[in-house]
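The next block holds one structure in the form of structure tokens; read it before the comments.
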Amino acid sequence: MYTREVEAGDNKQPKRTAGAIVWIVAAALCISLFVLVEVTRCLHCSHRFIDDREIGRWKLTAFQQLNFTADDVLEYLSMTDEIIGIGSTGTVYKAEMPDGEIIAVKKLWGKQKDTARRRRGPLPEVEVLGNVRHRNIVRLLGCCSNRECTMLVYEYMPNGNLDDLLHGNINRGDNLDVDWVTRHKIALGMEVRVADFRVAKLIQGDDYESMSMSVIGGSYGYIAPEYAYTLQVDEKSDVYSFGVVLMEIVSGKRSADSEFGDGNSIVERMREEMMQMLRIALLCTGHNPADRPSMRGIVSMLQEAEPKRKPPQKSGS
């Protein structure tokens, strides 16, 4: 009896060993498959700009004499991750061409629509902007596209944009210190360079033919309130936008800062609160001592000028 039990146990041992080998082999296959998938994904990401076997070859439409090709742009972008800006329509990369020229390439978000329309060439609005030469407009050098993606090639602006200068670059994590003399120079002598003109949204639109250039482009906080019911823009609309920029220069706050609360912008807060504070400061610094208010009066005026924003709610309350 004892001998038979030992023999039965010996017969089970090879089965256990074989089962363990099967599990080890299966685990090794799973790990190998996972590694293969990750490597393939990384290779695909690193060549996302130049792999044209599935989405078609890239075509560069130049709006002026260029010393680079579509392959030059795509090759550099496949090797760099130097992002200089991220907007609502795409990501902007800094790229250096073989001859040393620096350009800015805006890769639009998502898959582009209206393939048949793009086969006929760039949109008329893109061609018009590409042929514009004006000191206040960033030059559109070309348009690089295939069946599913579009990239706009601009001249590179080494000084960045006004938002970065006043508030710092979020992507780089810096915060520039701009003194008052510089802020005054910005207000009086800044040579603005405007780019895009809503071209990116035209390219991404589902129904290009129905779109009109009368559609206003702009960021929340800068558009004049009368546009909501007139649907028209004029010089006074530009004056309003410039006034908002002046408020940003003075306050150091963005036009629509989360500090102002929901539904409020820098315009309402500056007009209601900061102007009251400024009046109090001017009264306190009057040249005639007899015209200066008492401290009791100052406290009373400051209490009246107390911000009316709601305090942030605590989570779970």
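258 is the number that our numbering gives to position 258 of the sequence shown; each next residue is one higher, with no gaps. Heads up, the beta-carbon is just placed ideally off N, CA and C, and yes, glycines get one too.
It is roughly 20 Å from the alpha-carbon of residue 242 to the alpha-carbon of residue 134.
Take residue 167, set aside five residues on each side of it, and the residues of its chain with a beta-carbon closer than 7 Å to its own are 254, in chain order. In this chain, the alpha helix (DSSP H) harbouring residue 299 covers 295 to 304. The way I'd put it, the segment 60 to 77 does touch the segment 134 to 151; three or more beta-carbon pairs between them come closer than 8 Å. Taking the Cα of residue 106 as reference, the smallest distance to any Cα among 98, 136, 278, 145 is reached at 145. When C-alpha distances from residue 163 are compared across 186, 155, 180, 143, the shortest belongs to 186. By the C-beta density criterion, residue 180 is exposed, having fewer than 16 other C-beta atoms within 10 angstroms. Secondary structure at residue 290: helix, using DSSP grouped into helix, strand and coil.
Sorting 189, 194, 128 by C-alpha distance to the C-alpha of residue 156 places 194 at the top.
Counting only residues of its own chain and dropping the five nearest sequence neighbours on each side, residue 137 has a CB closer than 6 Å to the CB of 194. Secondary structure note for residue 100: it is in no beta strand (DSSP E), with a DSSP letter that is neither H nor E.
Cβ neighbours of residue 79 within its own chain (closer than 6 Å, five residues either side excluded): none.
Within the DSSP bridge table, the entry for residue 154 names 104, 140 as partners. Under DSSP, residue 222 forms no beta bridge with any residue. Beta-bridge pairing by DSSP links residue 194 to 137.
For a cut-off of 8 Å, the C-beta gap from residue 84 to residue 92 is around 5 Å, short enough to register as a contact.
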